[in-house]
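Residue numbers (the working numbering), protein chains in the order written: chain A, 1 to 337; chain B, 1001 to 1105.
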Amino acid sequence: MKENVVIIGGGVAGMEAAKQLLTLGYNPVIVERSAQLGGHVAGWHKLFPDMSSAQELVKGLRRDIAEANVFLETRLNSLQRTKSVYTVELNNGVRLTSRAVLIASGFELFDASKKEEYGYGVYDHVITNADLEAWMNGREDNRIPAQPQSIGFVHCVGSRDLKAGNSQCSKVCCTTAIKQAIELKERFPEAEVYCFYMDLRLFGKKYEDFYINAQRDFGVHFIRGRVSEVGETIDGRLQIKAEDTLLGKPLKVQLDLLVLMSGMVCNPIAKQLADKIRLQIDSDGFLKSRDNIAAIGESNQPGIFYAGACTGTKTVPETLAEARAAALSIHTYLMNQ
Amino acid sequence: MTDFGFHLSKSSQLDLSRVDRERLNRLYELEPGARICMTCGSCGATCMAAPYSGMSVRKMLLHIERGLDVKPLLSKCMLCGKCTMVCPRGINTRNLILNVCKLYD
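So, in structure tokens, the structure goes:
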């Protein structure tokens, strides 16, 4: 009889960990609240820096974990520890015991309508990064005009924003904005595309090449300055205001489409879990690791492990690497018990 | 007429919708490096004319891309080429400046 390892969250972190745990001879049990596996990545179209298919990644993982137990549309009712064993009760009546639990609950996209000055849900042509990905995946969206002449991207929506309650940088949005700017230029070559940024944080492998690519081959304009307000003109176009902080001059431009780069906030589910089993929350609002350098995948509770964006903003490869590391940590923990 | 000391201030707000795109695209064709400036400011830091005139290739490009007049900046350039040597993106600033002179003077 193989030993259970309960994984909370069926995004790419939970799936990758399940895949590794299967290889190590365990019986991973994924508890996922939505109706499908894959989390946010399943809603994405292409991934930087190589424009690889998000759908293919999720499909591959799904194939790899065909033997794992997966509960979809399922939530945790309770999670309790007795000595070294956790008892997990699900809302479908299933009750599981497991000596190790992996939390891979991920992030939630910042709700862009909270930044009222950007007019998401108010004006007709304001969308988010996730809306754009869904549209590229084939979902219809009448907010996106058939032939836009002018398109804007606002970086850092709900990131680096103390007033919105998020001091952290969401890390992936700079590169995502560049990726999406390129994708829109490919579809609408006649359109002028403007990226409004505070800093361009292009830290990862080939991200900087992506930036040069956007400038040189696609003519994307980069303007240093945070958009301060969005209004609508009498003919239904958007008019935005920002300061060009490199020139020290206020600036305006009319747009047919504005894309808001919503950042990452910790999934509220992680906080509910933290309350249940006394996990700590870090000062950035994400789950607190035992050590932010040496033990990012471990909690302050024995047998509770972390992988992915529940401990902070992560890229997809970072998340996958953490999931693999967590599977190994769990294995080592169980062997030594 | 008596001067009461009142005057109207000119707005300094830039309007990107009014930038002369045709001329700018012509410049990009003549010097593709104009597209890839990342506004690091190395050019301005090393420029011999900068301390006396405010010249810098970064600033010149920004002025053009935002639809501002570049003549006052350009007039002090001596084409010494130091900015070409320091540019981390290898922009041919000399060719850029010469073409800006052609198109925007």
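Ideal Cβ placement from N, Cα and C applies to all residues, glycine included.
Is it buried or exposed for residue i, if we count other Cβ within 10 angstroms and need 16 for buried?
| i | result |
| --- | --- |
| H1007/B | exposed |
| V157/A | buried |
| Q280/A | exposed |
| I234/A | exposed |
| A35/A | exposed |
| P317/A | exposed |
| L162/A | exposed |
| P268/A | exposed |
| K1059/B | buried |
| C1083/B | buried |
| D131/A | buried |
| G14/A | buried |
| A181/A | buried |
| K1010/B | exposed |
| P302/A | exposed |
| A146/A | exposed |
| C1040/B | exposed |
| T315/A | buried |
| K2/A | exposed |
| F196/A | buried |
| E243/A | buried |
| S1012/B | exposed |
For residue i and residue j, what's the separation of their Cα atoms in angstroms?
| i | j | result |
| --- | --- | --- |
| P1032/B | V253/A | 24 Å |
| I277/A | F110/A | 26 Å |
| I8/A | D141/A | 32 Å |
| W44/A | G60/A | 15 Å |
| K171/A | R224/A | 17 Å |
| G1067/B | N129/A | 29 Å |
| S53/A | G11/A | 16 Å |
| N91/A | A323/A | 25 Å |
| H221/A | N213/A | 12 Å |
| S1017/B | P148/A | 13 Å |
| S228/A | I330/A | 47 Å |
| L37/A | V29/A | 13 Å |
| N336/A | C266/A | 31 Å |
| E56/A | D50/A | 13 Å |
| S105/A | A112/A | 21 Å |
| N1025/B | C169/A | 34 Å |
Is residue j closer than 8 Å to residue i when the C-beta atoms are compared?
| i | j | result |
| --- | --- | --- |
| R313/A | F107/A | Per the sequence shown, the amino acid found at residue 313/A is Thr instead of Arg. In this structure, F107/A lies closer than 8 Å to T313/A by Cβ. |
| K1076/B | S1053/B | yes |
| G39/A | N166/A | no |
| A326/A | A307/A | yes |
| C1047/B | R1089/B | no |
| V31/A | V58/A | no |
| E232/A | Y123/A | yes |
| N4/A | T74/A | no |
| L328/A | L1062/B | no |
| V70/A | L260/A | no |
| L202/A | L79/A | no |
| F305/A | F48/A | no |
| L1014/B | L251/A | yes |
| G204/A | T175/A | yes |
| K206/A | A164/A | no |
| R1035/B | Q215/A | yes |
If I measure Cβ to Cβ from residue i and keep anything under 7 Å in the same chain, skipping five residues before and after, which residues do I get?
| i | result |
| --- | --- |
| L255/A | S150, I151, G152, R237, L238, I240 |
| T311/A | F286, L287, S289, I296 |
| E16/A | L61, L320, A323, R324 |
| A1045/B | none |
| W135/A | D141, I144 |
| K19/A | L61, D64, I65 |
| E208/A | L202 |
| M1001/B | none |
Spatial neighbours of residue i within its chain, please: C-beta separation below 8 Å, excluding the five flanking residues on both sides.
| i | result |
| --- | --- |
| G198/A | First, the residue type needs correcting, since residue 198/A is Met and not Gly in the sequence shown. Answer for M198/A: H155, C156, R160, R224, G225, R226, listed in chain order. |
| K1071/B | Y1104, D1105 |
| T1093/B | G1033, C1043, V1057, G1081, C1083, T1084, C1087 |
| D1069/B | H1063 |
| A1049/B | M1055, K1076, C1077, M1078 |
| V1100/B | L1027, M1060, I1064, V1070, L1074 |
| E67/A | L22 |
| R1023/B | L1103, Y1104 |
| K46/A | S52, S53, A54, M136, K179, E183 |
| N77/A | E89, L90, N91 |
Which same chain residues, not among the five before or five after residue i, have their C-beta less than 6 Å away from its C-beta?
| i | result |
| --- | --- |
| V88/A | V6, L79, L96 |
| L1030/B | N1099 |
Is any non-hydrogen atom of the ligand MN found closer than 7 Å to the C-beta of residue i, if you look at the structure I gave you?
| i | result |
| --- | --- |
| N1095/B | As for the ligand MN, it is missing from this structure, which has no ligand bound. |
Measuring CB atoms only, is the stretch 112-119 of chain A touching the stretch 91-101 of chain A, in the sense that at least three cross pairs come out at less than 8 Å?
No: fewer than three Cβ pairs fall under 8 Å.
Taking 8 Å as the cut-off, does the stretch 77-84 of chain A touch the stretch 21-38 of chain A (at least 3 CB pairs, one atom from each stretch)?
Note that the stretch 21-38 of chain A does not touch the stretch 77-84 of chain A; fewer than 3 beta-carbon pairs, one per stretch, sit closer than 8 Å.
(message) For the stretch 282-297 of chain A against the stretch 179-195 of chain A, do three or more pairs of beta-carbon atoms, one drawn from each stretch, fall closer than 8 Å, so that the two count as touching?
(response) Proximity of the stretch 282-297 of chain A to the stretch 179-195 of chain A falls short of the contact definition, fewer than three beta-carbon pairs being nearer than 8 Å.
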